[in-house]
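Working notes for the structure below.
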Amino acid sequence: MTRWQHELSGQKVLDVEELIELIATHLGVHTSEIAPGARFIEDLRASHTAVAALLVTLEERFELHIPTQDVAQLTTLSAVLLYLDSRHPM
Numbered sequence: 001m002t003r004w005q006h007e008l009s010g011q012k013v014l015d016v017e018e019l020i021e022l023i024a025t026h027l028g029v030h031t032s033e034i035a036p037g038a039r040f041i042e043d044l045r046a047s048h049t050a051v052a053a054l055l056v057t058l059e060e061r062f063e064l065h066i067p068t069q070d071v072a073q074l075t076t077l078s079a080v081l082l083y084l085d086s087r088h089p090m
């Protein structure tokens, strides 16, 4: 496993580069700006609308539902990775 891959629940591998591309596309930033702890709104200056669109795409791409109460925690690449790891269906 490369440093750009993340193991999901011990079975599947998420391509972190793919996730970074998704985030960059939706937030309108370059992939080099997306550090693990960079906050989408505060640091990357993304709009709330762009973040909402990103979350919808994540739901579709990873075949999961993100409940409203979980949205507030998904503010960085690291947070999204941890969330996908804990919620991704196997």
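Last residue of the sequence shown: 90 in my numbering, with the numbers rising by one and none dropped. No residue lacks a Cβ here, since even glycine has one placed at the ideal position from N, Cα and C. A quick note: this is a predicted structure, and the numbers were derived from the prediction, not measured.
For residue i, which three-state DSSP category applies?
i          : result
residue 15 : strand
residue 69 : helix
residue 29 : coil
residue 50 : helix
residue 3  : Low confidence applies here, because residue 3 scores a pLDDT of 39, under 50, leaving its location unreliable; read the following figure in that light. Note: residue 3 maps to coil in three-state DSSP.
residue 8  : Unreliable positioning characterises residue 8 in this predicted model, as indicated by a pLDDT of 48, which lies under 50. The coordinate reading is nonetheless provided below. It is a strand residue.
residue 85 : helix
With 16 as the cutoff for other CB atoms within 10 Å, does residue i come out buried or exposed?
i          : result
residue 71 : exposed
residue 52 : exposed
If contacts are defined as beta-carbon pairs under 8 Å, then residue i and residue j qualify, I think. What distance do you get, rounded to the angstrom?
i          : j          : result
residue 19 : residue 80 : 7 Å
residue 41 : residue 77 : With a Cβ gap of about 13 Å, residue 41 and residue 77 do not count as contacting.
residue 59 : residue 66 : 6 Å
residue 22 : residue 57 : 6 Å
residue 31 : residue 38 : The pair is not a contact, with the Cβ atoms about 11 Å apart (cut-off 8 Å).
residue 82 : residue 55 : Contact flag wrong, Cβ pair sits at about 15 Å.
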